[in-house]
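Here's the structure, in structure tokens; my notes come after.
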Amino acid sequence: MPPRLKKFLAALVLCFTVSPLPARPFTTDSIPESRHGNSRLPYVAGLQVAGYSTALIALSQAWYKDYPRTSFHFHNDLPDWFQQDKLGHVAATNHLSRLSAASLSWAGLGNRQSAWWGMASGMGFLTAVEILDGYSLEWGASLSDMAANTLGAAAFLSQQLLWEEQRISIKYSYSQSKLAHYRPALLGSSLPERMLKDYNGQTFWLSLNIRSFLSPESKFPSWLNLALGHGAYGMLGSRENPSFHNGMALPEMNRYRQWYLAPDIDFSKIPVNAPWLKAFLGAVNFLKMPAPALEYNSEQGLRLHWIFF
């Protein structure tokens, strides 16, 4: 398992452990004032600390111990994968910060306090993982990873302080590529692995909630978003494509970026009454809804997808 997959998996698991089940989507109009004051805060804070600590100990013991340690050092992986892995860091830190802040808000903290602590929580965990990478001879800490983590957390914090809600969401989607079978160890041999390792099939989105920028009297659906996506294709290696793999010739292909424009759904804006369903919709709001999409890339020009995942 490469370090990018390891970090993303750990962050994804934590996204669903730091938020207590009764929590609401993180907007000030959807989280009622806690009638319990701050009585929930020790429970939520303890849950987050325990989750972070357990994840870091598990990573250190079950993953890093199998690789040689060295003095702390850096590794430049910015040119890799057309920066798709960096967008994964942005998305993971943003979502982790959002859910951490939501649980703290449910525990009784105000908007600004929960936003700052949520941002610190997301940044703190992924920074700790990056430090572990820095002591591994196999990899090294990545300044570009740190920058991506900071960007994701800052995107959450700035919106929460400015608007007290997340009007622009960072989302992820996956559509199976036709390339993973050429290098299954690198790009994944099963669907769950490919969803995390095959950057040829991943798309990262900025999903804009249109209604939140209109007047309060607007009849525009509050759940309907417009999303701009970035992907890449033709990648059989991180920086360049090898000609052979395990003695077998690999096809020649160009590597290129892809840009998308598509409608989306803000799951946290869907009107539901059940608290558990509100919490669930808020938690899965990092997923882009399959929808028609326009794509532009340098190889094929403008394309229309009737349904794009």
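In numbering that gives the first Met the number 0, the protein residues as written are 0 to 308.
Every residue, glycine too, gets a C-beta built ideally from N, C-alpha and C.
- Counting of Cβ neighbours within 10 angstroms places residue 94 among the buried residues, the total reaching 16 or more.
- Between residue 240 and residue 66, the alpha-carbon positions lie close to 26 Å from each other.
- Taking a cut-off of 8 Å on C-beta distances, the stretch 275-284 does not touch the stretch 112-119, as fewer than three cross pairs fall below it.
- Around the beta carbon of residue 48, fewer than 16 other beta carbons sit within 10 angstroms, so the residue counts as exposed.
- Of 255, 210, 225 and 226, the smallest CA-CA separation from residue 219 is found for 210.
- Within the model, the alpha-carbon separation for residue 72 versus residue 127 is close to 14 Å.
- Under the three-state reduction of DSSP, residue 273 is assigned to coil, being neither helix nor strand.
- In the three-state reduction of the DSSP assignment, residue 291 falls in the strand class, which pools E and B.
- Per the DSSP secondary-structure output, residue 177 pairs with nothing in a beta bridge.
- In the DSSP assignment, residue 305 falls outside any alpha helix (DSSP H) and within the unbroken beta strand (DSSP E) covering 300-307.
- For residue 149, the enclosing alpha helix (DSSP H) starts and ends at 142-162.
- Counting C-beta pairs closer than 8 Å gives three or more between the stretch 195-204 and the stretch 171-179, which meets the contact rule.
- The three-state reading of DSSP puts residue 54 in helix, counting H, G and I together.
- In this structure, 164 is the residue among 191, 202 and 164 with its C-alpha nearest to the C-alpha of residue 212.
- DSSP places residue 197 in the coil class of the three-state scheme, outside both helix and strand.
- The closest CA to that of residue 294, considering only 257, 271 and 145, is found on 257.
- When the Cα atoms are used, residue 221 and residue 282 turn out to be separated by approximately 18 Å.
- Residue 133 and residue 59 have their C-alpha atoms roughly 12 Å apart.
- In the DSSP assignment, residue 125 falls within the unbroken alpha helix (DSSP H) covering 110-133.
- Runs of beta strand (DSSP E) with 3 or more residues, each lying fully within the stretch 192-238, are found at 201-208 and 223-232, listed in chain order.
- Looking at 161, 86 and 124, the one whose alpha-carbon comes closest to that of residue 52 is 124.
- Collapsing the DSSP output to three states places residue 73 in a strand.
- Ranked by how close their Cα comes to the Cα of residue 203, the residues 171, 42 and 99 have 171 in first place.
- Comparing alpha-carbon positions, the option among 168, 75, 99 and 102 lying closest to residue 288 turns out to be 168.
- Judged by DSSP secondary structure, residue 256 falls within the beta strand (DSSP E) whose first and last residues are 255-264.
- For residue 89, the uninterrupted alpha helix (DSSP H) segment begins and ends at 83-105.
- A Cβ-Cβ distance of about 4 Å is found for the pair residue 88 and residue 147, placing them in contact under the 8 Å criterion.
- Residue environment: residue 182 is assigned as buried (16 or more neighbouring CB atoms within 10 Å of its CB, all protein chains considered).
- Beta bridge pairing from DSSP links residue 248 with 243.
- In the assembly as shown, residue 122 is a buried residue. Its beta-carbon has 16 or more other beta-carbons within 10 Å.
- Taking all protein chains shown into account, residue 91 has 16 or more neighbouring C-beta atoms within 10 Å of its C-beta and is therefore buried.
- A Cβ-Cβ contact shorter than 7 Å links residue 280 with residue 269.
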